[in-house]
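Trainee: Can you keep this structure in mind? I'll have questions shortly.
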Amino acid sequence: MSHSFQTKVQARSAAEKEPSTQPDFIQVRDFNFYYDGHKQVLFDLNLDIPKQKVTAFIGPSGCGKSTLLRNINRMNDLIDGIRHEGDITIDGHSIFDPLLEVISLRKRIGMVFQKSNPFPKSIYENIVYSLRVAGRNRKAELDEVVERSLRGAALWEEVKDRLQESAFGLSGGQMQRLCIARAIANRPEILLMDEPCSALDPIATGKVENLIHELKKEFTIVIVTHNMQQAARVSDRTAFFYLGKLIEYDETEKIFMNPGNPQTEAYVSGRFG
Amino acid sequence: MNRFYLKELDELRNHFLLMAENSIQAVTDAIEALRDCDVGKAQSVREKDDIIDQLEVDIDAEASRYLTLRAPVASDVRLITVALKTSHDLERIGDEASSIAKRTLRLAENASVLDLGSILRMADLAVANIREAIDSLLDGDAERATGVPRKDKEIDILNRENYERFLGKITANPELASAYMELVFVSKSLERIGDHAANIAQEIVFLLTGRDIRHTEVVKRSLL
Chain A
1332 MSHSFQTKVQ ARSAAEKEPS TQPDFIQVRD FNFYYDGHKQ VLFDLNLDIP KQKVTAFIGP
1392 SGCGKSTLLR NINRMNDLID GIRHEGDITI DGHSIFDPLL EVISLRKRIG MVFQKSNPFP
1452 KSIYENIVYS LRVAGRNRKA ELDEVVERSL RGAALWEEVK DRLQESAFGL SGGQMQRLCI
1512 ARAIANRPEI LLMDEPCSAL DPIATGKVEN LIHELKKEFT IVIVTHNMQQ AARVSDRTAF
1572 FYLGKLIEYD ETEKIFMNPG NPQTEAYVSG RFG
Chain B
39 MNRFYLKELD ELRNHFLLMA ENSIQAVTDA IEALRDCDVG KAQSVREKDD IIDQLEVDID
99 AEASRYLTLR APVASDVRLI TVALKTSHDL ERIGDEASSI AKRTLRLAEN ASVLDLGSIL
159 RMADLAVANI REAIDSLLDG DAERATGVPR KDKEIDILNR ENYERFLGKI TANPELASAY
219 MELVFVSKSL ERIGDHAANI AQEIVFLLTG RDIRHTEVVK RSLL
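Heads up: the sequence lines are chains A and B, in that order.
Just add 1331 to wherever you are in the first sequence, counting from 1, and you've got the working numbering.
Just add 38 to wherever you are in the second sequence, counting from 1, and you've got the working numbering.
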């Protein structure tokens, strides 16, 4: 065995073990959240989400992981009686700044839901919908966005010859990737994913997970998942929530191999509840 | 569709092959140092054992990480478990080579006048058996690995012959007693290396076929 091969292998391993140098992009500070004005569901949350990494939120149902996710793009604003304390910042700016327009915040954030929800339109029109709403109708630009977004969602090769067909003709996995393509069409900086694979079969799930791995080169991704193996496979950092509290937040490898908190250990090893 | 993390298995396999090559080289160098009374080469074998030890640690870490994060099944999980077990055998082979080198350093003054018996033949067989096990993995040919335990039998026989031979030398030349005792231990190290090669071969049969042939008639018959 040549020495050069050995050196190459060792150097690559060392590089992969380098700690992340990406700055914290989303910061959650002393965050409390209430429904109906007084029913507290999130308690004193503090966590920093790094840029261009995948961060997974895990925990049993009702632990608050989706509530926190939906606070990041202020989707909870649509619910009557909610209130919060503390702050969430993106790139140093509060998302609750009274001068901030929610629309401009949501332009920076793409959202993918548990159930794929394509519009009753063609594949093409699903992608360009938000651009048309913004008054951007130049065909060359729309064509470019469609191809870029579908390529980004690893769907282009499968649908490039039927862009004008209904999105409802796609398989479940393709629909979910179409929704991801739609979410990245406006070039957001952040992708929030709420159980994006829970309705998909294993092969479609594998494709979406591969996609998440690719997309993190460009986007900061936060994913909520009940599937702990999925969190282990796709995320760089994992946050474990229980009863609205952040129990442990660390490198995914640490959370799943040597968690520091007995509650985390019990949850990830299936001894919980 | 290839999952994005499958390259980590390729890395693990590469580290295993690298460790095997280092172990084979250590045994080869240790025996050449003994044969040629080459103190420098013996010292080098001792120093390079750290590389083999580190590869075992790396493989353990990579395998544990993959088991935890990737939930492997079928041949993937067999590769992980086999890598965990055989890396320990390879580490022990490195230790035995280092031990032979240590004894070579002690023998430096006397080595040229000693009768090495079947030690060189044992080393050739042991190295060939490790190589056969590794090549069977590379070629995907489990039959080749299945034959390794039978070939180990010859190493065991040569070790017993060496023992009798060296005891005779000690009786005839009491002034060389300590030197021939070192050779008894060298011979024993080679016999252990042969055992590790047989272990590795059996694990590779499991990796390639899913059949666990340890302690089975397949192995017992091959020893007849």
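Backbone N, C-alpha and C fix where the C-beta goes; we use that ideal spot for every residue, glycine too.
No experiment lies behind these values; they were computed from the predicted model shown.
So, is A/Phe1336 buried or exposed, given that buried needs 16 or more other C-beta atoms within 10 angstroms?
Mentor: One-based indexing of the first sequence puts residue 1336 of chain A at position 5. Any reading at A/Phe1336 must be qualified, since the residue scores a pLDDT of 35, below 50, and its modelled position is unreliable; no value is offered.
Trainee: Comparing the C-beta of A/Thr1338 with each C-beta of chain B, is any distance below 8 Å?
Mentor: Sequence index remark: in the first sequence, residue 1338 of chain A carries index 7 (1-based). Residue placement at A/Thr1338 cannot be trusted, given a pLDDT of 36 that sits under 50; what the coordinates show is reported in the next sentence. With 8 Å as the cut-off, A/Thr1338 does not count as an interface residue toward chain B.
Trainee: Can the beta-carbon of A/Phe1571 be found closer than 8 Å to that of A/Glu1582?
Mentor: Translated into positions along the first sequence, residue 1571 of chain A becomes position 240. Translated into positions along the first sequence, residue 1582 of chain A becomes position 251. No, they are not a contact pair.
Trainee: May I ask you to list the residues that DSSP assigns as paired with A/Gln1371?
Mentor: On the first sequence, residue 1371 of chain A is found 40 positions in, with the first residue counted as 1. According to DSSP, A/Gln1371 bridges with A/Tyr1365.
Trainee: Going along the segment 95-128 of chain B in order, which residues come within less than 9 Å of chain A, judged by CB to CB distance?
Mentor: Asp96, Glu100, Ser102, Arg103, Thr106, Leu107, Arg108, Ala109
Trainee: Roughly how far, in whole angstroms, is the beta-carbon of B/Ala236 from the beta-carbon of B/Asp190, given that I think they are within contact range, below 8 Å?
Mentor: Working through the second sequence from its first residue, we reach residue 236 of chain B at position 198. Working through the second sequence from its first residue, we reach residue 190 of chain B at position 152. With a Cβ gap of about 4 Å, B/Ala236 and B/Asp190 count as contacting.
Trainee: So if DSSP puts A/Gly1441 in a beta bridge, which residue, or which two residues, is it bridged to?
Mentor: By 1-based counting over the first sequence, the position of residue 1441 of chain A is 110. BP columns for A/Gly1441 point to A/Leu1522.
Trainee: Please list, in chain order, the residues of the segment 1542-1566 of chain A that have any C-beta partner in chain B closer than 8 Å.
Mentor: His1544, Glu1545, Gln1560, Ala1563, Arg1564
Trainee: Taking the beta carbon of B/Asn200 as the centre, do at least 16 other beta carbons fall within 10 Å, making it buried, or is it exposed?
Mentor: Working through the second sequence from its first residue, we reach residue 200 of chain B at position 162. B/Asn200 should be labelled buried.
Trainee: So, is A/Gln1560 buried or exposed, given that buried needs 16 or more other C-beta atoms within 10 angstroms?
Mentor: Position 229 of the first sequence, counting from 1, holds the residue named residue 1560 of chain A. When all chains shown are included, A/Gln1560 counts as exposed.
Trainee: By the DSSP assignment, the beta strand (DSSP E) with A/Arg1414 in it spans what residues?
Mentor: The residue labelled residue 1414 of chain A in the question sits at position 83 within the first sequence. Looking at the DSSP string, the run of the beta strand (DSSP E) that includes A/Arg1414 is 1414-1421.
Trainee: Output the distance between the C-alpha atoms of A/Lys1384 and B/Asp194, rounded to the nearest integer angstrom.
Mentor: Reading the first sequence from its first residue, position 53 is the one you call residue 1384 of chain A. Reading the second sequence from its first residue, position 156 is the one you call residue 194 of chain B. Taking the straight line from one Cα to the other gives about 55 Å.
Trainee: Closer than 8 Å, Cβ to Cβ, to anything on chain B: give me those residues from the segment 1585-1600 of chain A, in chain order.
Mentor: Within the segment 1585-1600 of chain A, the residues whose Cβ lies closer than 8 Å to some Cβ of chain B are Phe1587, Met1588, listed in chain order.
Trainee: When we look at the beta-carbon of A/Pro1593 and count the other beta-carbons within 10 Å, is it buried (16 or more) or exposed?
Mentor: Position 262 of the first sequence, counted from the first residue, corresponds to residue 1593 of chain A. By the neighbour-count rule (16 or more Cβ atoms within 10 Å), A/Pro1593 is not buried but exposed.
Trainee: Beta-carbon within less than 6 Å of B/Lys123's beta-carbon, same chain only, minus the 5 sequence neighbours each way: which residues are those?
Mentor: Numbered from 1 along the second sequence, position 85 holds the residue referred to as residue 123 of chain B. Glu241.
Trainee: Spatial neighbours of A/Gln1341 within its chain, please: C-beta separation below 6 Å, excluding the five flanking residues on both sides.
Mentor: For the purposes of this step, residue 1341 of chain A is taken as the residue at position 10 of the first sequence. At A/Gln1341, the pLDDT of 42 sits below 50, so the modelled position is not reliable and the matter cannot be decided from this model.
Trainee: Hey, A/Pro1274 and A/Arg1602 are a contact pair by Cβ (cut 8 Å); roughly how many whole angstroms apart?
Mentor: Past the edges of chain A, shown from 1332 to 1604, lies residue 1274 of chain A, and the structure says nothing about it.
Trainee: Okay, do the segment 138-157 of chain B and the segment 98-106 of chain B touch, 3+ Cβ pairs below 8 Å being the bar?
Mentor: They do not touch, by the three-pair rule.
Trainee: Between A/Ile1586 and B/Lys258, what straight-line distance do the alpha-carbon atoms span, to the nearest angstrom?
Mentor: Residue mapping note: residue 1586 of chain A aligns to position 255 of the first sequence, counting from 1. Residue mapping note: residue 258 of chain B aligns to position 220 of the second sequence, counting from 1. Distance between the alpha carbons of A/Ile1586 and B/Lys258: 45 Å.
Trainee: Would you mind working out which of A/Arg1564, A/Val1359, A/Ala1498 sits nearest A/Asn1448, comparing C-alpha positions?
Mentor: Start at 1 with the first residue of the first sequence, and residue 1448 of chain A comes out as number 117. Of the candidates A/Arg1564, A/Val1359, A/Ala1498, the one whose C-alpha sits nearest the C-alpha of A/Asn1448 is A/Ala1498.
Trainee: Where A/Leu1574 and A/Ile1389 are concerned, what is the direct C-alpha to C-alpha distance, given to the nearest angstrom?
Mentor: Taking the first sequence and counting its residues from 1, one reaches residue 1574 of chain A at position 243. Taking the first sequence and counting its residues from 1, one reaches residue 1389 of chain A at position 58. If you draw a straight line from the Cα of A/Leu1574 to the Cα of A/Ile1389, it comes to about 12 Å.
Trainee: In the structure shown, what three-state DSSP assignment does A/His1334 receive?
Mentor: As a position in the first sequence, residue 1334 of chain A is number 3, starting the count at 1. Residue placement at A/His1334 cannot be trusted, given a pLDDT of 39 that sits under 50; what the coordinates show is reported in the next sentence. If DSSP states are grouped into helix, strand and coil, A/His1334 belongs with the helices.
Trainee: Can you tell me the Cα-Cα spacing of A/His1334 and B/Asp87, whole angstroms?
Mentor: For the purposes of this step, residue 1334 of chain A is taken as residue 3 along the first sequence, with counting starting at 1. For the purposes of this step, residue 87 of chain B is taken as residue 49 along the second sequence, with counting starting at 1. Any reading at A/His1334 must be qualified, since the residue scores a pLDDT of 39, below 50, and its modelled position is unreliable; no value is offered.
Trainee: With which residues is A/Lys1576 paired in a DSSP beta bridge?
Mentor: As a first step, residue 1576 of chain A must be located in the first sequence, where it is residue number 245. According to DSSP, A/Lys1576 bridges with A/Tyr1573.
Trainee: Give me the subset of the segment 1519-1541 of chain A whose CB atoms are less than 8 Å from a CB atom of chain B, sorted by chain position.
Mentor: Ile1534, Gly1537, Lys1538, Glu1540, Asn1541
Trainee: With DSSP collapsed to three states, give me the class of B/Leu128.
Mentor: Here residue 128 of chain B refers to the residue found at position 90 when the second sequence is read from its first residue. Note: B/Leu128 maps to helix in three-state DSSP.
Trainee: Considering A/Ala1563, what are the terminal residues of the alpha helix (DSSP H) in which it resides?
Mentor: Numbered from its first residue, the first sequence carries residue 1563 of chain A at position 232. Element bounds for A/Ala1563: 1559-1565.
Trainee: Starting from A/Thr1386 and walking both ways along the beta strand (DSSP E), at which residues does that stretch end?
Mentor: In the first sequence, residue 1386 of chain A corresponds to position 55, counting from 1. Start and end: 1385-1389.
Trainee: Note down the Cα distance separating A/Ile1403 from A/Ile1543, rounded to an integer number of angstroms.
Mentor: Here residue 1403 of chain A corresponds to residue number 72 of the first sequence, with the count starting at 1. Here residue 1543 of chain A corresponds to residue number 212 of the first sequence, with the count starting at 1. Taking the straight line from one Cα to the other gives about 19 Å.
Trainee: Would you call B/His234 buried or exposed, if buried means 16 or more other Cβ atoms sit within 10 Å of its Cβ?
Mentor: In the second sequence, counting from the first residue as 1, residue 234 of chain B sits at position 196. It is buried - the Cβ of B/His234 has at least 16 other Cβ atoms within 10 Å.
Trainee: Just checking A/Tyr1455 against the ligand ZN - is the residue's beta carbon closer than 7 Å to any of the ligand's heavy atoms?
Mentor: Ligands are entirely absent from the displayed structure, and the ligand ZN is therefore not among its contents.
Trainee: Roughly how many whole angstroms lie between the Cα atoms of B/Leu47 and B/Ile90?
Mentor: Along the second sequence, one-based indexing puts residue 47 of chain B at 9. Along the second sequence, one-based indexing puts residue 90 of chain B at 52. So the alpha carbons of these two residues sit roughly 19 Å apart.
Trainee: Starting from A/Thr1536, trace the beta strand (DSSP E) both ways and give me its first and last residue.
Mentor: By one-based count along the first sequence, residue 1536 of chain A stands at place 205. No beta strand (DSSP E) contains A/Thr1536, which is instead part of the alpha helix (DSSP H) from 1533-1546.
Trainee: For a quick check, are the C-beta atoms of A/Ala1630 and A/Gln1507 less than 8 Å apart?
Mentor: There is no way to answer for residue 1630 of chain A, as the model of chain A reaches only from 1332 to 1604.
Trainee: Quick check on B/Arg169 - is its C-beta less than 8 Å from some C-beta in chain A?
Mentor: Here residue 169 of chain B refers to the residue found at position 131 of the second sequence. No, its Cβ sits nowhere closer than 8 Å to a Cβ of chain A.
Trainee: By Cβ distance, which residues of its chain are closer than 6 Å to A/Asp1367, with the 5 residues on each side in sequence left out?
Mentor: Taking the first residue of the first sequence as position 1, residue 1367 of chain A is located at position 36. Hits under 6 Å: Gly1412.
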